[in-house]
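Numbering (the working numbering), first residue to last: 161 to 294. Cβ atoms here follow ideal geometry from the backbone N, Cα and C, with glycine treated the same way. This report refers to the structure that appears directly beneath it.
Quick look at the structure:
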(Lines of atoms letter the chains of each structure in order from A; the text may use other names.)
(Lines give C-alpha, C1' and ligand atoms only; values in the text may rest on other atoms or scores of the structure.)
Protein backbone atom coordinates (compact mmCIF):
# COMPACT_ATOMS: atom_id res chain seq x y z
CA UNK A 161 0.00 0.00 0.00
CA UNK A 162 2.90 2.30 0.67
CA UNK A 163 4.17 1.79 -2.85
CA UNK A 164 0.80 2.79 -4.25
CA UNK A 165 0.76 6.02 -2.23
CA UNK A 166 4.31 6.76 -3.31
CA UNK A 167 3.43 6.17 -6.97
CA UNK A 168 0.30 8.37 -6.76
CA UNK A 169 2.33 11.10 -5.00
CA UNK A 170 5.01 10.87 -7.70
CA UNK A 171 2.43 11.27 -10.51
CA UNK A 172 0.77 14.21 -8.73
CA UNK A 173 4.21 15.76 -8.16
CA UNK A 174 5.05 15.48 -11.86
CA UNK A 175 1.74 17.12 -12.81
CA UNK A 176 2.21 19.97 -10.33
CA UNK A 177 5.84 20.43 -11.45
CA UNK A 178 4.87 20.51 -15.13
CA UNK A 179 2.16 23.11 -14.42
CA UNK A 180 4.59 25.21 -12.37
CA UNK A 181 7.19 25.14 -15.14
CA UNK A 182 4.56 25.84 -17.79
CA UNK A 183 3.02 28.88 -16.10
CA UNK A 184 6.07 30.09 -14.21
CA UNK A 185 8.56 30.22 -17.06
CA UNK A 186 9.49 33.75 -18.13
CA UNK A 187 11.07 32.48 -21.33
CA UNK A 188 7.79 30.89 -22.37
CA UNK A 189 5.90 34.12 -21.67
CA UNK A 190 8.50 36.07 -23.63
CA UNK A 191 8.27 33.60 -26.51
CA UNK A 192 4.47 33.89 -26.57
CA UNK A 193 4.69 37.69 -26.52
CA UNK A 194 7.18 37.69 -29.41
CA UNK A 195 5.01 35.23 -31.34
CA UNK A 196 1.99 37.52 -30.91
CA UNK A 197 4.07 40.54 -32.03
CA UNK A 198 5.29 38.59 -35.06
CA UNK A 199 1.73 37.69 -36.06
CA UNK A 200 0.69 41.34 -35.61
CA UNK A 201 3.59 42.52 -37.81
CA UNK A 202 2.73 39.95 -40.47
CA UNK A 203 -0.87 41.15 -40.52
CA UNK A 204 0.28 44.78 -40.79
CA UNK A 205 2.67 43.89 -43.64
CA UNK A 206 -0.08 42.06 -45.52
CA UNK A 207 -2.42 45.04 -45.05
CA UNK A 208 0.32 47.39 -46.30
CA UNK A 209 0.86 45.21 -49.37
CA UNK A 210 -2.87 45.27 -50.15
CA UNK A 211 -2.95 49.06 -49.78
CA UNK A 212 0.10 49.37 -52.03
CA UNK A 213 -1.44 47.20 -54.74
CA UNK A 214 -4.71 49.13 -54.63
CA UNK A 215 -2.81 52.44 -54.70
CA UNK A 216 -0.87 51.50 -57.82
CA UNK A 217 -3.97 50.07 -59.50
CA UNK A 218 -5.84 53.32 -58.86
CA UNK A 219 -2.82 55.38 -60.00
CA UNK A 220 -2.61 53.38 -63.23
CA UNK A 221 -6.32 53.91 -63.82
CA UNK A 222 -6.00 57.66 -63.24
CA UNK A 223 -2.97 57.90 -65.55
CA UNK A 224 -4.84 56.00 -68.24
CA UNK A 225 -7.80 58.36 -67.91
CA UNK A 226 -5.48 61.36 -68.03
CA UNK A 227 -3.74 60.05 -71.18
CA UNK A 228 -7.09 59.38 -72.86
CA UNK A 229 -8.35 62.88 -71.96
CA UNK A 230 -5.12 64.44 -73.20
CA UNK A 231 -5.40 62.52 -76.47
CA UNK A 232 -9.00 63.70 -76.91
CA UNK A 233 -8.02 67.30 -76.15
CA UNK A 234 -5.15 67.14 -78.62
CA UNK A 235 -7.38 65.69 -81.35
CA UNK A 236 -9.95 68.38 -80.66
CA UNK A 237 -7.31 71.10 -80.92
CA UNK A 238 -5.94 69.60 -84.15
CA UNK A 239 -9.39 69.42 -85.77
CA UNK A 240 -10.41 72.87 -84.62
CA UNK A 241 -7.11 74.41 -85.79
CA UNK A 242 -7.71 72.97 -89.26
CA UNK A 243 -11.34 74.11 -89.28
CA UNK A 244 -10.81 77.57 -87.80
CA UNK A 245 -7.62 78.41 -89.69
CA UNK A 246 -7.94 76.73 -93.09
CA UNK A 247 -5.56 79.21 -94.73
CA UNK A 248 -2.65 78.34 -92.41
CA UNK A 249 0.01 76.22 -94.13
CA UNK A 250 0.41 72.74 -92.66
CA UNK A 251 4.04 73.45 -91.73
CA UNK A 252 3.02 76.31 -89.44
CA UNK A 253 0.21 74.42 -87.75
CA UNK A 254 1.53 73.19 -84.38
CA UNK A 255 -0.83 70.22 -84.49
CA UNK A 256 -0.07 68.95 -88.02
CA UNK A 257 2.27 66.12 -87.09
CA UNK A 258 -0.16 64.39 -84.74
CA UNK A 259 -3.42 64.50 -86.65
CA UNK A 260 -3.52 60.76 -87.22
CA UNK A 261 -4.02 58.13 -84.54
CA UNK A 262 -0.81 56.68 -83.09
CA UNK A 263 0.23 53.31 -84.43
CA UNK A 264 -0.28 50.32 -82.21
CA UNK A 265 2.28 47.64 -81.51
CA UNK A 266 0.35 45.25 -83.77
CA UNK A 267 1.13 47.40 -86.82
CA UNK A 268 4.91 47.23 -86.38
CA UNK A 269 6.83 45.59 -89.18
CA UNK A 270 9.04 42.72 -88.11
CA UNK A 271 11.87 41.24 -90.12
CA UNK A 272 13.72 37.95 -90.04
CA UNK A 273 17.11 39.66 -90.08
CA UNK A 274 19.14 39.90 -86.88
CA UNK A 275 19.67 43.32 -85.32
CA UNK A 276 22.44 45.46 -86.77
CA UNK A 277 24.69 44.98 -83.75
CA UNK A 278 24.49 41.20 -84.03
CA UNK A 279 27.81 39.51 -84.72
CA UNK A 280 27.86 37.03 -87.60
CA UNK A 281 30.45 34.68 -86.20
CA UNK A 282 31.69 33.73 -82.76
CA UNK A 283 34.21 36.11 -81.31
CA UNK A 284 36.08 36.68 -78.08
CA UNK A 285 35.52 34.23 -75.25
CA UNK A 286 32.80 32.33 -77.05
CA UNK A 287 34.90 31.42 -80.07
CA UNK A 288 35.13 27.64 -80.45
CA UNK A 289 38.53 26.13 -79.76
CA UNK A 290 40.16 25.17 -83.05
CA UNK A 291 42.23 22.05 -83.51
CA UNK A 292 45.96 22.40 -82.86
CA UNK A 293 46.79 20.69 -86.21
CA UNK A 294 45.36 23.55 -88.27
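- Spanning the alpha carbons of residue 236 and residue 255 requires a straight line of approximately 10 Å.
- Collapsing the DSSP output to three states places residue 240 in a helix.
- The Cβ atoms of residue 241 and residue 225 lie no closer than 8 Å to each other.
- The three-state reading of DSSP puts residue 252 in coil, since its state is none of H, G, I, E or B.
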